[in-house]
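Here the structure is laid out as structure tokens; the discussion comes afterwards.
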Amino acid sequence: MSRYISRYLTITSFALFLNVISLSQVVAQPDGGAIFKANCTSCHVVGDNKVVGPGLKNVHQRHNEEWLLKWIKNSSALIKSGDAEAVKVYEENNKTAMPAFNLSTDEIKSVIAYIKTESEKAPAAAASGTNDVNASSGEESQEDGSPIVLLLVTLGFIALYFILNSAKKGLERVVRQREGLPEPPIYKGKAWVREHKKLIAVIVIFLLVVGSVKGWYALKGIGVQEGYQPDQPIKFSHALHVGQNKIDCRYCHSGAEKSKNANIPSPMVCMNCHKYVQEGPKYGTEEIGKIYKAVGWDKKKQAYTGKTKAIQWVRIHNLPDLAYFNHAQHVKVGQVTCQTCHGEVEKMEVMKQASPLTMGWCINCHRQTEVKMNGNGYYKELHEKLKKQHGPDAKLTVDKIGGLECARCHY
Amino acid sequence: MKITSKILYVGVISVVILAASCSKDPKSTGLEYMPDMYRSPSYEVYSGNSNFPDSLTMQAPVKGTIPRNYTFFNYPSSNEGYEAASRDVKNPLPLTEENVTEGKRQYEIYCVHCHGTSGQGDGSIVALGKFPPPPSYSNGNSSRGGAMRDLTDGKIFHTITYGINLMGAHASQINPEDRWRIVMYIHQLQNDNKPLVYTTSTTTDSTKVKP
């Protein structure tokens, strides 16, 4: 009998133990922050600004908890039931329905508690959030070699030279007069030239050499805009978007693989992210505001007004009309990386032309670059033919397949 | 002779200064000789155009025009359209290794910075805390109900085309064929990135979508 009792006791105690464990799991507060991040952040922020849905700062003061519970569990049912508060919220947000969330009452309460605590510290967090990115991208181009400063310094030295020279001459004259020495002959005008032929010859030759070298490079640089870095209407930073955020070039320049042009992205592409990201790390809302103006986006109403205005970007890379260049041909077929021609764009705060874009530069690359033919559908037939012609392992550069023919680019 | 050498120094210095003052200003295009072919009067894709009210040369095609080989996707950007697309639409491309590889490549251009390399919603801008995470393909829940794992061809295609919540429409950036390839790769990510079972299709041209 006692054996049965003891067994019964062990079973019950074990069951109790299990019960306690499961109870403790139920009693433990669900993590409101985690639930919020998993379910809500794609439409809401704890702030004043609207994202897809309204900003949830102090939402616990605007609505009572009982109503919030009903709303979060099934908002469309609440609207259908004719609840005045629900209909008002629905109308205010352009009739965008919030999906029903299958969360328990405790979980929703924890989310509300999380929003409550976040609301109280929201302004401080927002301020610190914008500052820390600022520090990393604060590089400014240093101003050096300003010609005006150099010119002034030289003029100063020349003036100093003449002052000291006249003082020295004065002293020499005094010494000569005291010692009774004859005055040295003074050359002026043509006489000075006759006396200093060697010096003049040296200066003329020197100027001629320097001038012709400089002149040669100046002539070569005509029409070559390497290093051109104009101010753009929007201070868009490739260093931030490509370098830091690691967004692929072709996300915005989606034409690079498909067409002749690489595409200047339409501001609607910017809106894919900037509907949510309303403040930049460096210029705040100013530069992003220009996108909103261009597409006609009303930030407060979260709706398009229909009034658009084109952004006048300044063209940097410019080939003359006599040369044909196709992006798709190089990026998709040739598998050339963007950086080969455009330089380290991921480090450019302000976009600039990294290559000379001269014909010699094109030809040089065509002579050196090997055609990537293996597994390249575009070259399937040609590859078979060339393999027979040049042997299977021959190195085929672009010039071998006609990359130097005039009519390839000029027609 | 001392004076002459000094004059020489002055000369050299002034030449150097002159040379330095010729350095190019990055904000100017520099010297140009007959730039007519560089800035030609003919209209180019992105040049301005005073003949149109929006001052753009590149005008949208006339309403109702479609490109060749265009596949219609006649489902509106709404929940009803989403459900209807899920019911009716199947991926028109054969499930081949080639298509999935290309889908992966496209995914890594257009999706990866938010959705992450393994589709867990941990892309680069999410990791930097600049953008809220999208739900994981393998174990997240869709905001329009159901698990992300169970999203159908039509639902994913509809979402890429029109966007949802914070995700914008990507129809202008990704053409329909590439969207379908991305859909294939997303199916692989839904299944914890396990390789898909390819159809041993003998379709000659997998790049063309038959309408």
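Chains as they are written, first to last, in our numbering: chain C, 11 to 421; chain Z, 5 to 215. Where is the CB? At the ideal position from N, CA and C, for every residue including glycine. In this text, all values refer to a predicted model and were calculated from it rather than measured experimentally.
Just verifying my parser: in three-state terms, what is the DSSP assignment at residue i?
i, result
"isoleucine 274 of chain C", "coil"
"aspartate 196 of chain Z", "coil"
"tryptophan 371 of chain C", "helix"
"methionine 171 of chain Z", "strand"
"threonine 407 of chain C", "strand"
"tyrosine 50 of chain Z", "coil"
"alanine 364 of chain C", "coil"
"aspartate 308 of chain C", "strand"
"leucine 162 of chain C", "helix"
"glutamate 380 of chain C", "strand"
"asparagine 103 of chain Z", "helix"
"asparagine 145 of chain Z", "strand"
"leucine 60 of chain Z", "strand"
"glycine 85 of chain Z", "helix"
"tyrosine 314 of chain C", "strand"
"glycine 401 of chain C", "coil"
Does chain C have any CB closer than 8 Å to the CB of residue i?
i, result
"isoleucine 190 of chain Z", "no"
"lysine 67 of chain Z", "no"
"methionine 41 of chain Z", "yes"
"lysine 60 of chain Z", "Going by the sequence as given, residue 60 of chain Z is leucine instead of lysine. Closer than 8 Å to some Cβ of chain C, the Cβ of leucine 60 of chain Z qualifies, so yes."
"proline 80 of chain Z", "no"
"phenylalanine 161 of chain Z", "no"
"proline 45 of chain Z", "no"
"glutamine 63 of chain Z", "no"
"isoleucine 129 of chain Z", "yes"
"glycine 172 of chain Z", "yes"
"glycine 107 of chain Z", "no"
"serine 142 of chain Z", "no"
Whole-angstrom Cβ separation of residue i and residue j, contact assumed at under 8 Å?
i, j, result
"alanine 266 of chain C", "glutamate 356 of chain C", "With 8 Å as the limit, alanine 266 of chain C and glutamate 356 of chain C do not qualify as a contact, their Cβ atoms being about 15 Å apart."
"glutamine 242 of chain C", "valine 324 of chain C", "6 Å"
"isoleucine 373 of chain C", "glutamate 36 of chain Z", "Contact doesn't hold; Cβ gap of about 22 Å is too wide."
"glycine 63 of chain C", "asparagine 103 of chain C", "6 Å"
"histidine 73 of chain C", "glutamate 95 of chain C", "7 Å"
"aspartate 331 of chain C", "arginine 377 of chain C", "With 8 Å as the limit, aspartate 331 of chain C and arginine 377 of chain C do not qualify as a contact, their Cβ atoms being about 25 Å apart."
"lysine 362 of chain C", "tyrosine 293 of chain C", "Going by Cβ atoms, the distance from lysine 362 of chain C to tyrosine 293 of chain C rounds to 19 Å, so no, they are not a contact pair."
"serine 46 of chain Z", "glycine 52 of chain Z", "Serine 46 of chain Z to glycine 52 of chain Z, Cβ: 13 Å. No contact."
"histidine 119 of chain Z", "proline 136 of chain Z", "Not confirmed; about 12 Å, so no contact."
"serine 90 of chain Z", "glycine 158 of chain Z", "4 Å"
Under a CB-based cut-off of 8 Å, is residue i close to chain Z?
i, result
"serine 264 of chain C", "yes"
"aspartate 409 of chain C", "no"
"glutamine 235 of chain C", "yes"
"asparagine 386 of chain C", "no"
"serine 261 of chain C", "The displayed chain sequence assigns tyrosine, not serine, to residue 261 of chain C. Chain Z contact via Cβ: present."
"serine 129 of chain C", "no"
"cysteine 283 of chain C", "yes"
"isoleucine 274 of chain C", "yes"
"methionine 369 of chain C", "no"
"lysine 256 of chain C", "yes"
"proline 366 of chain C", "no"
"aspartate 93 of chain C", "no"
For residue i, count the other beta carbons within 10 Å of its own beta carbon; 16 or more makes it buried, fewer makes it exposed. Which is it?
i, result
"glutamate 394 of chain C", "exposed"
"lysine 405 of chain C", "exposed"
"isoleucine 122 of chain C", "buried"
"phenylalanine 46 of chain C", "buried"
"arginine 185 of chain Z", "buried"
"lysine 198 of chain C", "exposed"
"aspartate 92 of chain Z", "exposed"
"arginine 183 of chain C", "exposed"
Could you tell me the distance, in whole angstroms, from the CA atom of residue i to the CA atom of residue j?
i, j, result
"arginine 260 of chain C", "leucine 88 of chain C", "44 Å"
"asparagine 103 of chain Z", "asparagine 73 of chain Z", "18 Å"
"glycine 149 of chain Z", "histidine 263 of chain C", "34 Å"
"glutamine 192 of chain Z", "proline 199 of chain Z", "6 Å"
"glutamate 3 of chain C", "threonine 350 of chain C", "The structure shown does not extend to residue 3 of chain C, since chain C spans only 11 to 421, so no value can be given for it."
"lysine 3 of chain C", "glutamine 288 of chain C", "As displayed, chain C neither begins before 11 nor continues past 421, which places residue 3 of chain C out of reach and without an answer."
"threonine 295 of chain C", "histidine 284 of chain C", "11 Å"
"serine 32 of chain Z", "asparagine 282 of chain C", "33 Å"
"lysine 300 of chain C", "glycine 34 of chain Z", "29 Å"
"asparagine 386 of chain C", "asparagine 68 of chain C", "58 Å"
"glycine 144 of chain Z", "isoleucine 168 of chain Z", "15 Å"
"methionine 383 of chain C", "histidine 340 of chain C", "13 Å"
"leucine 162 of chain C", "leucine 329 of chain C", "39 Å"
"glycine 107 of chain Z", "valine 116 of chain Z", "12 Å"
"lysine 67 of chain Z", "lysine 268 of chain C", "23 Å"
"glycine 133 of chain Z", "isoleucine 321 of chain C", "29 Å"
"methionine 41 of chain Z", "threonine 75 of chain Z", "40 Å"
Starting from residue i, find everything on chain A with Cβ-Cβ shorter than 8 Å and list it in chain order.
i, result
"glutamine 239 of chain C", "Here the protein chains are C and Z, and chain A is not one of them."
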